[in-house]
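> Right, I'll just put the structure down here and ask away after.
Residue numbers (my numbering), protein chains in the order written: chain G, 1 to 310; chain Y, 1001 to 1311.
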């Protein structure tokens, strides 16, 4: 009763203490996609070690190795053939007296060139094909998907081998053969992602604002698939290195005097019974490369695309 | 279901037809002829060309080849004593199939065990061991492992024959090639089972099974393991790919007279008929594995059928 009679005066009110409003505030700096991914990647020790290994191996192959090597990769000297690893020839010499240390970094460079060109093809052909197929949908998608289904029926290695038989073996042709045979997984993944994205609200919003297909793709769909693209590329690289090695192993890859990791392993396997070091060094580097690329790809999958995690 | 299988079969035949045509065109584009021997006189070369029908117009050769293939006749080899290619393939394929099947057995068992243990001891020591093996199996390819085994087991310790030896019993020679191939099988299976089991372990029905008082073993055996094994059919296709790829290399290393060896040798002697025949053979295997995997998967998971077949 008394309460009702009470007069409401401005003195009864005072501004809210600013301190209580802080609980609504977003503390901490806002974190972008890349920083966020990096934080997640940093927690994955295996991926970090792999990243470091890849950096070290790249440095060795492209800069430090050639600088340290006192001999060139193609210097032949029959007087010093089959030297065991020593202070002079760190990884020994092969049957023509070529310094294996220099030769191995050269071989690794060739393997990496091939892998990167193949990955580039994967990026251009696979992403374009998948994006067009997913975005247009309908009949176009049906035809494009049947095309991929047919390509998938042909063993990649068989395509690559047949292509190598028809083409002249060289770094570029090998990369093209490998890339041409291996872009379908990328196309499939990108198609799936584009189909998933194109029904989402932000795409609809952009479309109702008048964005055409091209703008939609370059501004919205592809940037949102970037994580997926990077992960797939990281898996393409080791598999291209592997395919090249298989080709070299059966004599259809890099031809002498040029070398790749595969051809070095092949030559080493032939001489292994008496000169095991010829197999050991290239094989070890090859395994390290495969290992670190695969682990890094795994780590990136978790970091860039947590939804893909199984 | 029937419609789904029918549709897949039609696609399969179109695929095969295109592959055969493509390889045929490629083999015509190969440099050199199968009869590049200098000792051949022009007239005897002519006789050979006529015998194999190589001087007919290309469309005639193409149609003839396609009709023959449809009847299971892959033509006669230009090189291996001009025997029928189908016969050579049927003769060499069992060796590869034996090594491949053995590799699957060698690889599957440790793969299953490692995968299951890794999932049950998630983030434990066994998990690290399992993951390491799974990654290692991919990082150490068969063509590195093969020569290493050859060196230690075959040469240094002399336990098994270094390479194919017509006088030794077959199982002794097939062990090392199979082991080289099996590492990759172990890697794939362990990895797959681990992630599949981890997913199943987090499902509600597993919690329910635990809650109703089932023993740990019963939960793992009846609910987790069975449900994670079913989708294993999805590795069928990649396994097939890996084994075929592997056999091409491994048979070079161990001098195995198998189908991969036949393929590589026929390329080097320009034996078009055998190149074509082996490619077709590989492709058929491939496509069959793909088909079986898809059908099995559709049986297991009806959602696939709706998504894939209901246009």
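Yeah, the Cβ is synthetic: ideal placement off N, Cα and C, and Gly gets one too. Remember, predicted model here, so these are calculated numbers, not experimental data.
Which residues in the same chain as residue 132/G place their Cβ atom closer than 8 Å to its Cβ, once the five residues preceding and following it in sequence are excluded?
The residue you call residue 132/G lines up with position 132 of the first chain. 140, 144.
> By Cβ distance, which residues of its chain are closer than 7 Å to residue 122/G, with the 5 residues on each side in sequence left out?
Reading the first chain from its first residue, position 122 is the one you call residue 122/G. So the qualifying residues of the chain are 179, 182, 183, 186, 233, 236.
> Would residue 1233/Y and residue 1115/Y be called neighbours here (beta carbons separated by less than 8 Å)?
Position 233 of the second chain holds residue 1233/Y. Position 115 of the second chain holds residue 1115/Y. No, the pair does not count as a contact, with Cβ atoms beyond the cut-off.
> Assign residue 10/G to one of three DSSP states: helix, strand, or coil.
Taking the first residue of the first chain as position 1, residue 10/G is located at position 10. Helix, per DSSP.
> In the DSSP assignment, find the alpha helix (DSSP H) that holds residue 1048/Y and state where it starts and stops.
Reading the second chain from its first residue, position 48 is the one you call residue 1048/Y. Counting along the chain, the alpha helix (DSSP H) containing residue 1048/Y begins and ends at 1042 to 1051.
> By how many angstroms is the C-alpha of residue 1255/Y removed from the C-alpha of residue 1319/Y?
This structure cannot speak to residue 1319/Y, because chain Y is shown only from 1001 to 1311.
> What ranges does the beta strand (DSSP E) occupy inside the segment 51 to 86 of chain G, keeping only unbroken runs of at least 3 residues that lie completely in it?
If we require 3 residues or more, the segment 51 to 86 of chain G turns out to have no beta strand (DSSP E) run fully inside it.
> I'd like to know whether the C-beta of residue 246/G is nearer than 8 Å to at least one C-beta of chain Y.
One-based indexing of the first chain puts residue 246/G at position 246. Residue 246/G counts as touching chain Y.
> Residues in the same chain with beta-carbon distance under 7 Å from residue 1161/Y, minus the five sequence neighbours each way, listed in chain order, please.
Taking the second chain and counting its residues from 1, the one referred to as residue 1161/Y is at position 161. Cβ within range, chain order: 1154, 1168, 1172, 1173.
> Cα separation between residue 1308/Y and residue 136/G?
In the second chain, counting from the first residue as 1, residue 1308/Y sits at position 308. In the first chain, counting from the first residue as 1, residue 136/G sits at position 136. Only weak support is given to the placement of residue 1308/Y: the predicted model assigns it a pLDDT of 46, under 50, and the value that follows is read from those uncertain coordinates. Those two C-alpha atoms are separated by around 18 Å.
> How many Å lie between residue 287/G and residue 265/G at the Cα?
On the first chain, position 287 is the one that residue 287/G refers to. On the first chain, position 265 is the one that residue 265/G refers to. Looking at the two C-alpha atoms, the distance is approximately 11 Å.
> Please list, in chain order, the residues of the segment 1123 to 1141 of chain Y that have any C-beta partner in chain G closer than 8 Å.
Cβ contacts with chain G: 1135, 1136, 1138, 1139, 1140, 1141.
> Which chain Y residues sit within Cβ distance under 7 Å of residue 286/G?
Translated into the one-based positions of the first chain, residue 286/G becomes position 286. Going along chain Y in sequence order, the residues near residue 286/G (Cβ under 7 Å) are 1144.
> I want to verify the contact list: residues of chain Y whose CB lies under 9 Å from the CB of residue 301/G, in sequence order.
Numbered from its first residue, the first chain carries residue 301/G at position 301. Within chain Y, no residue comes near residue 301/G; the closest Cβ sits about 12 Å away, beyond 9 Å.
> How many angstroms separate the CA atom of residue 219/G from the CA atom of residue 210/G?
By 1-based counting over the first chain, the position of residue 219/G is 219. By 1-based counting over the first chain, the position of residue 210/G is 210. The alpha-carbon atoms of residue 219/G and residue 210/G are separated by roughly 13 Å.
> Could you tell me the boundaries of the alpha helix (DSSP H) in which residue 1313/Y lies?
What the structure shows of chain Y is the stretch from 1001 to 1311, and residue 1313/Y is not part of that stretch, so it cannot be assessed.
> Is the distance from the Cβ of residue 1012/Y to the Cβ of residue 1287/Y below 8 Å?
Within the second chain, the letter at position 12 stands for residue 1012/Y. Within the second chain, the letter at position 287 stands for residue 1287/Y. Going by C-beta atoms, residue 1012/Y is nearer than 8 Å to residue 1287/Y.
> To the nearest angstrom, report how far apart residue 1185/Y and residue 1056/Y are at their CA atoms.
Numbered from 1 along the second chain, position 185 holds the residue referred to as residue 1185/Y. Numbered from 1 along the second chain, position 56 holds the residue referred to as residue 1056/Y. Each residue's alpha carbon lies about 46 Å from the other.
> Do we get a CB-CB distance below 8 Å when we pair residue 1015/Y with the residues of chain B?
Among the chains of the structure shown, chain B does not appear; the protein chains present are G and Y.
> Secondary structure at residue 17/G, three-state DSSP: helix, strand or coil?
For this step, residue 17/G is matched to residue 17 along the first chain. Coil, per DSSP.
> Quick check on the DSSP output: what are the complete alpha helix (DSSP H) runs of length 4 or more inside the segment 87 to 175 of chain G, in order along the chain?
100 to 121, 127 to 136, 138 to 152, 156 to 166, all fully within the segment 87 to 175 of chain G.
> Quick check on this structure: which residue in 59/G, 17/G, 294/G has the alpha carbon closest to the alpha carbon of residue 109/G?
Taking the first chain and counting its residues from 1, the one referred to as residue 109/G is at position 109. Minimum Cα distance to residue 109/G is reached at 59/G.
> If you pair each beta-carbon of the segment 1262 to 1276 of chain Y with each one of the segment 1078 to 1098 of chain Y, do three or more pairs fall below 8 Å?
Yes, the segment 1262 to 1276 of chain Y is in contact with the segment 1078 to 1098 of chain Y.
> Tell me whether residue 1018/Y sits in a helix, a strand or coil according to DSSP, three-state version.
As a first step, residue 1018/Y is located in the second chain; it is residue number 18 there, counting from the start. In the structure shown, residue 1018/Y sits in a helix (DSSP, three-state: H, G or I).
> What three-state label does DSSP hand residue 294/G in the structure shown?
Start at 1 with the first residue of the first chain, and residue 294/G comes out as number 294. Reduced to three states, the DSSP call for residue 294/G is helix.
> Could you spell out the range, first to last residue, of the alpha helix (DSSP H) harbouring residue 1246/Y?
In the second chain, residue 1246/Y corresponds to position 246, counting from 1. First-last of the alpha helix (DSSP H) with residue 1246/Y: 1236 to 1253.
> In angstroms, rounded to a whole number, what distance separates the CA positions of residue 298/G and residue 1068/Y?
The residue labelled residue 298/G in the question sits at position 298 within the first chain. The residue labelled residue 1068/Y in the question sits at position 68 within the second chain. So the two alpha carbons sit approximately 48 Å from each other.
> Looking at the C-beta of residue 132/G, does it have a partner C-beta in chain Y at a distance below 8 Å?
To locate residue 132/G, count along the first chain from 1; it is residue 132. No, because no Cβ of chain Y sits closer than 8 Å to the Cβ of residue 132/G.
> Which residues in the same chain as residue 130/G place their Cβ atom closer than 6 Å to its Cβ, once the five residues preceding and following it in sequence are excluded?
Along the first chain, one-based indexing puts residue 130/G at 130. Within the same chain, residue 130/G has close Cβ partners 187, 190, 191.
> Relative to the C-alpha of residue 1105/Y, which candidate in 1045/Y, 1235/Y, 1179/Y has its C-alpha closest?
Within the second chain, the letter at position 105 stands for residue 1105/Y. Ranking 1045/Y, 1235/Y, 1179/Y by Cα distance to residue 1105/Y puts 1179/Y first.
> Tell me which residue opens and which closes the alpha helix (DSSP H) that residue 27/G is part of.
For the purposes of this step, residue 27/G is identified with residue 27 of the first chain, where counting begins at 1. From DSSP, residue 27/G is part of no alpha helix (DSSP H); its letter is neither H nor E.
> Is the beta carbon of residue 1237/Y closer than 8 Å to that of residue 1290/Y?
As a working note, residue 1290/Y is residue 290 in the second chain. As a working note, residue 1237/Y is residue 237 in the second chain. Contact: yes.
> In the DSSP assignment, find the unbroken alpha helix (DSSP H) run with residue 238/G in it and report its ends.
Here residue 238/G refers to the residue found at position 238 when the first chain is read from its first residue. Segment 226 to 249, the alpha helix (DSSP H) holding residue 238/G.
> Tell me which same chain residues have a C-beta within less than 6 Å of the C-beta of residue 1266/Y, skipping the five on either side of it?
Start at 1 with the first residue of the second chain, and residue 1266/Y comes out as number 266. Excluding sequence neighbours, residue 1266/Y sits near 1274, 1275.
> For the segment 51 to 71 of chain G, which residues have a CB atom closer than 8 Å to at least one CB atom of chain Y, in sequence order?
Listed in sequence order: no entries.
> Under DSSP, the alpha helix (DSSP H) around residue 1152/Y begins and ends at which residues?
Residue mapping note: residue 1152/Y aligns to position 152 of the second chain, counting from 1. Taken as a continuous stretch (DSSP letters only), residue 1152/Y belongs to no alpha helix (DSSP H), as it is neither H nor E.
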